[in-house]
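Residues in the sequence shown are numbered from 949 upward in steps of one, following our numbering. Beta carbons: idealized from backbone N, C-alpha and C, even for Gly. Below: the structure, in structure tokens.
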Amino acid sequence: MSYQYVRRAESSKAKFVFLSKVLVIVVCIFGSGGLEASIEALDDRLEQKEHLPGEREQLAFYVELGGETQYITEGRDQLDNGGIIWGSMLLEYASINLYSSLGQATSQNYREWELGVSYDVFETDTFNGGIGMQFVEIYGTERESDIEFVSALSYRGSQWITASIDHTYSLQSKGHFLELSLHGKSLALPGRGRVTPYVSQAFDFKFANEEYTGANHFQFGIEAYYPLSHQFTLSGHMSHVIPQGGIKRDLNFEVKEQTFAGVSVSLQF
């Protein structure tokens, strides 16, 4: 299962901004030693955002088309056969991102629609964090719906490695899914391209398997990025998944190591 619902009501927007402020204050409390200092730090961050360069405030629109050899999420292949093709749109303004994606399986009756919003809560030279919501609708032999809340925190203070934590909460399963990832230093390719190795460890807290809490899967691979022009970008990945306790206890999925890949092209307007 994936991703979050977009609220359109003004009351929900207010809650979203409030949650972002709370997250900043919590981070600052642990880093600066007190609530008063945390509130002052929050005010400083908001003031800094108001004085960011003009390009940060510009409206950007992206369209992306891509495909995956297998549709693997939470370490599980969601399809019986074949891969999936994705079409996505992203609208970006300042710290707000609105996006929608439609996925169609290549070899069976499966379609997935995602609609989401995310907010970049804070960004420094070494840390950045964000929160979001996403609505997911699945059309196949059975129809499923879910609303998920996500949060992410990454540390990039080292030139050799970037560490990140991604958390997802599902309203449908009332469970949590946590991924800890390390991305190594990127290797340069001719023409401004780059390749980045990564490893990831995932933990399931009654999210994918409602009767299990613990290690879910280990994943590693490489991610590639290649700008074709100022507007066009080609990207891809190759990944390998090793199932752990959560998948081994899930009778709905075959337990085996899997290697899959994906490629996409994006256009910025």
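**Message:** Output needed for Gln1216: all residues of its chain with C-beta closer than 6 Å, excluding positions within five of it in sequence on either side, in chain order.
**Reply:** Translated into positions along the sequence shown, residue 1216 becomes position 268. So the qualifying residues of the chain are Tyr1010 and Gln1179.
**Prompt:** If you drop the 5 nearest sequence neighbours on each side, which residues of the same chain put their C-beta closer than 7 Å to that of Asp1094?
**Reply:** The count along the sequence shown starts at 1 and reaches residue 1094 at position 146. Here the set comprises Met949, Val1084, Ser1118, Leu1119 and Gln1120.
**Request:** Report, in whole angstroms, the separation of the C-beta atoms of Phe1208 and Thr1054, which I expect to be a contact under 8 Å.
**Result:** Taking the sequence shown and counting its residues from 1, one reaches residue 1208 at position 260. Taking the sequence shown and counting its residues from 1, one reaches residue 1054 at position 106. That pair is no contact at about 13 Å.
**Request:** At 4 residues or longer, and completely inside the stretch 1077-1140: list those alpha helix (DSSP H) runs for me, N to C.
**Result:** Counting only runs of 4 or more, we get nothing.
**Request:** Select from Leu1027, Tyr1067 and Lys1196 the residue whose C-alpha is nearest the C-alpha of Thr1089.
**Result:** Position 141 of the sequence shown, counted from the start, is the residue given in the question as residue 1089. The shortest CA-to-CA distance from Thr1089 to any of Leu1027, Tyr1067 and Lys1196 is the one to Leu1027.
**Request:** Using a threshold of 7 Å, state whether the C-beta atoms of Asp1152 and Tyr1146 are closer than that.
**Result:** Counted from its first residue, the sequence shown places residue 1152 at position 204. Counted from its first residue, the sequence shown places residue 1146 at position 198. Not closer than 7 Å, so no.
**Asked** Contact check, Gln1082 vs Gly1105 under 8 Å by CB: the rounded distance?
**Response** Position 134 of the sequence shown holds residue 1082. Position 157 of the sequence shown holds residue 1105. Actually they do not touch by this definition, with Cβ atoms about 29 Å apart.
**Asked** Can you pull the DSSP bridge partners for Tyr1146?
**Response** In the sequence shown, the residue the question calls residue 1146 occupies position 198. DSSP, once it has assigned bridges, lists His1131 and Gly1169 as partnering Tyr1146.
**Beta-carbon proximity list for Glu1040, same chain, < 6 Å, skipping 5 on both sides** = Mapped onto the sequence shown, residue 1040 falls at position 92. Closer than 6 Å at the Cβ level, and outside the excluded window around Glu1040, lie Ala1008.
**Request:** Taking only the alpha-carbon atoms, compute the straight-line gap between Leu1128 and Ala1150 and give it to the nearest angstrom.
**Result:** Position 180 of the sequence shown, counted from the first residue, corresponds to residue 1128. Position 202 of the sequence shown, counted from the first residue, corresponds to residue 1150. Answer to the nearest angstrom: the Cα atoms are 6 Å apart.
**Item:** For Gln1052: DSSP bridge partner residues
**Value:** The count along the sequence shown starts at 1 and reaches residue 1052 at position 104. Bridge partners of Gln1052: Ile1033 and Arg1059.
**Request:** Please determine, among Glu1071, Tyr1047 and Ile1086, the residue with the shortest C-alpha to C-alpha distance to Tyr1058.
**Result:** Along the sequence shown, read from residue 1 onward, the residue named residue 1058 stands at position 110. Taking Tyr1058 as reference, the option from Glu1071, Tyr1047 and Ile1086 with the minimal CA-CA separation is Ile1086.
**Asked** Can you tell me whether Gly1002 is buried or exposed, with buried defined as 16 or more other CB within 10 angstroms of its CB?
**Response** Taking the first residue of the sequence shown as 1, we reach residue 1002 at position 54. Unreliable positioning characterises Gly1002 in this predicted model, as indicated by a pLDDT of 44, which lies under 50. The coordinate reading is nonetheless provided below. By the neighbour-count criterion, in which a residue is buried when 16 or more other Cβ atoms sit within 10 angstroms of its Cβ, Gly1002 is exposed.
**Request:** Can you tell me the Cβ-Cβ gap for Ser1148 and Gln1167, rounded? I've got them flagged as a contact below 8 Å.
**Result:** On the sequence shown, position 200 is the one that residue 1148 refers to. On the sequence shown, position 219 is the one that residue 1167 refers to. About 5 Å separates the CB atoms of Ser1148 and Gln1167; that is less than 8 Å, so the two are in contact.
**Prompt:** Given that a residue counts as buried once 16 or more other Cβ atoms are within 10 Å of its Cβ, and exposed if not, what is Ala1156?
**Reply:** Position 208 of the sequence shown, counted from the start, is the residue given in the question as residue 1156. The residue in question, Ala1156, is buried, as its Cβ has 16 or more Cβ neighbours within 10 Å.
**Message:** For Asp1114, tell me which candidate among Phe1075, Gln1107, Ser1102 and Lys1204 has the shortest Cα-Cα distance.
**Reply:** Residue mapping note: residue 1114 aligns to position 166 of the sequence shown, counting from 1. By alpha-carbon distance to Asp1114, the top candidate from Phe1075, Gln1107, Ser1102 and Lys1204 is Ser1102.
**Message:** Using the Cβ count rule (16 or more neighbours within 10 Å means buried), how would you classify Ser1066?
**Reply:** As a first step, residue 1066 is located in the sequence shown; it is residue number 118 there, counting from the start. So Ser1066 ends up on the buried side.
**Item:** Close-in-space but distant-in-sequence residues of the same chain around Tyr1174 (CB under 6 Å, 5 per side omitted)
**Value:** In the sequence shown, residue 1174 corresponds to position 226, counting from 1. Answer for Tyr1174: Gly1141 and Leu1182, listed in chain order.
**Prompt:** For the alpha helix (DSSP H) that contains Gly1194, what are its first and last residues?
**Reply:** Taking the sequence shown and counting its residues from 1, one reaches residue 1194 at position 246. Segment Gly1193 to Lys1196, the alpha helix (DSSP H) holding Gly1194.
**Prompt:** Considering Tyr1010, what are the terminal residues of the beta strand (DSSP E) in which it resides?
**Reply:** The residue given as residue 1010 occupies position 62 in the sequence shown. Leu1007 to Glu1016 is the span of the beta strand (DSSP E), which, as asked, contains Tyr1010.
**Asked** Under the DSSP definition of a beta bridge, which residues are partnered with Ala1163?
**Response** If you number the sequence shown from 1, residue 1163 lands on position 215. In the DSSP output, where bridge partners are listed per residue, Ala1163 has Phe1151.
**Request:** Give me the Cβ distance between Ile1170 and Val1143, rounded to the nearest whole Å; I'm assuming they're in contact under 8 Å.
**Result:** The count along the sequence shown starts at 1 and reaches residue 1170 at position 222. The count along the sequence shown starts at 1 and reaches residue 1143 at position 195. Contact check for Ile1170 and Val1143: beta-carbon distance about 6 Å, within the 8 Å limit, so the pair qualifies.
**Asked** Within 10 angstroms of its Cβ, does Asp1198 collect 16 or more other Cβ (buried), or is it exposed?
**Response** If you number the sequence shown from 1, residue 1198 lands on position 250. Asp1198 counts as buried, since no fewer than 16 other beta carbons sit within 10 angstroms of its beta carbon.
**Prompt:** Whose CA, out of Ala1172, His1124 and Thr1116, lies closest to the CA of Leu1137?
**Reply:** On the sequence shown, residue 1137 is found 189 positions in, with the first residue counted as 1. Scanning Ala1172, His1124 and Thr1116 for the CA closest to the CA of Leu1137 turns up Ala1172.
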